[in-house]
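Read left to right, the sequence shown gives residues 171 to 472 (this note's numbering).
We put the CB at the ideal spot given by N, CA and C, even for glycine.
Bear in mind that the values here come from a model prediction, so they are computed numbers and not experimental data.
Contents: one structure, followed by commentary.
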Amino acid sequence: MTQRCGFIALIGEPNAGKSTLLNQMVGAKVSIVTHKVQTTRARIRGIAIEGESQLVFVDTPGLFRPRRRLDRAMVSAAWSGAADADLVLFLVEAHRGITEGVQAILDGFLEHIPSGTRISLVINKIDKVKSENLLLLTSELNNIYNFENTFMISAEKAYGVESLKTWLAAELPFGPWHYPEDQIADAPLRQIAAEITREKLTLRLHQELPYQLTVETENWVERKDGSVRIDQLIYVMRDGHKGILLGPKGATIKGVSMDARKELEAFLDRKVHLFLQIKVRPNWLEESARYDEIGLNFRDGD
Ligand SMILES: Nc1nc2c(ncn2[C@@H]2O[C@H](COP(=O)(O)OP(=O)(O)OP(=O)(O)O)[C@@H](O)[C@H]2O)c(=O)[nH]1
Ligand SMILES: [Mg+2]
């Protein structure tokens, strides 16, 4: 057996660059990215190949102090992603250093990750700092936790990403590949499509609104002409939110719809007819069906 295959979990604070790194490793955008915290809500798998190794990256929601049921379910999904993995990469932002949040995650290792799990440190966003600061941060973090290895990368600029990939490929256990070699993501298309729309909403909406909505793909119809019709529902909590989402003369939702459609067309490589509908649902954060669609466990939020 020369093939290797295994799971590599990416964990870290919200905004650390986990999804950016996953996309960079896969060479395609399978996980959404924004400049805002708490973008990723569920575990998403992206698949890369390096030589004889199939690397299954598990993107996770950022780890933070949860307040709502949704937050708790997200944090729980992140920790269990790490607990199930062959290798764990802990991402820390170079320019922020050891924040309270980073310290809290380090404290959480003992409780949430089985002892013996292989955890490496990845200092990300090195494009934002001077290199002399990196050595100090590396040694401080390694004094707190004995990481298997330390990497310094820029996920966005792809610095150091290739050598990280080479190392991971050589460390995964021997075993047959889990996925066909051309597969790059393990998530239902309808879910990826909903995520793309949520990304565009998050980019256009301000403050708390992105955290108070969810997107679901209701319908997916392949047409004879090769195009696809996708109907999605956006759940918001208040009438007022619906108004903000619509924007003046519907301009906001139109912009979102156009951006999402373009990206969907590129992702699916065909023409897309996208229909968005907004629903006011004051209590969606407490409905288990919403969590099923996101890919989270409702009970994890108890
Ligand atoms: N300058 C710089 N920015 C980066 C780098 N990697 C990621 N970013 C930016 O950091 C922001 C957050 O990136 P994400 O990949 O969404 O972070 P995340 O860890 O997945 O965040 P959550 O899903 O919220 O947990 C985005 O604006 C990225 O463009 C990097 O290496 N350098
Ligand atoms: Mg993310």
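Residue i by DSSP, collapsed to three states: which one?
i	result
methionine 479	Absent from the structure is residue 479, since the part of the chain shown begins at 171 and ends at 472.
lysine 441	coil
alanine 363	helix
asparagine 316	coil
tyrosine 349	coil
alanine 179	strand
glutamine 208	coil
valine 203	coil
leucine 383	coil
lysine 298	helix
glutamate 369	helix
glutamine 173	coil
glutamine 377	coil
leucine 466	coil
glutamate 222	coil
Determine whether the beta carbon atoms of residue i and residue j lie at a separation below 9 Å.
i	j	result
glycine 176	valine 226	yes
threonine 320	serine 301	no
leucine 338	serine 223	yes
arginine 360	threonine 387	yes
alanine 247	threonine 230	yes
glycine 471	arginine 238	yes
isoleucine 448	lysine 412	yes
proline 236	valine 207	no
alanine 325	alanine 255	no
glycine 216	tryptophan 249	no
arginine 374	threonine 308	no
aspartate 401	valine 450	no
lysine 188	glycine 232	yes
phenylalanine 437	methionine 171	no
leucine 306	isoleucine 296	no
isoleucine 323	alanine 218	no
valine 398	arginine 440	yes
alanine 328	lysine 298	no
alanine 186	asparagine 294	yes
serine 427	threonine 367	yes
For a cutoff of 9 Å on Cβ pairs, would you count residue i as touching chain C?
i	result
histidine 411	No chain C is present in this structure, which holds just one protein chain.
For ligand 2, is there a heavy atom less than 8 Å away from the beta-carbon of residue i?
i	result
glycine 232	yes
threonine 210	yes
aspartate 229	yes
isoleucine 202	yes
lysine 188	yes
In the DSSP assignment, what are the bridge partners of residue i?
i	result
glutamate 230	Strictly speaking, residue 230 in this sequence is threonine, with glutamate absent from that position. None, per the DSSP bridge assignment.
arginine 215	Val228, Asp356
tyrosine 461	Per DSSP, none; premise fails for tyrosine 461.
asparagine 389	Asp401
phenylalanine 260	Ile181, Leu291
leucine 311	None, per the DSSP bridge assignment.
valine 406	Val450
serine 285	Paired residues: none, contrary to the question.
phenylalanine 344	Arg174
Does the Cβ of residue i lie closer than 8 Å to at least one heavy atom of ligand 3?
i	result
lysine 199	You won't find ligand 3 in this model; what it holds is ligand 1 and ligand 2.
When you measure from the CB of residue i to every non-hydrogen atom of ligand 1, does any distance come out below 8 Å?
i	result
serine 301	no
glycine 271	no
isoleucine 323	yes
lysine 298	yes
leucine 307	no
lysine 295	yes
glutamate 183	yes
valine 207	yes
lysine 335	no
glutamate 310	no
glutamate 326	yes
leucine 375	no
leucine 261	yes
leucine 304	no
leucine 191	yes
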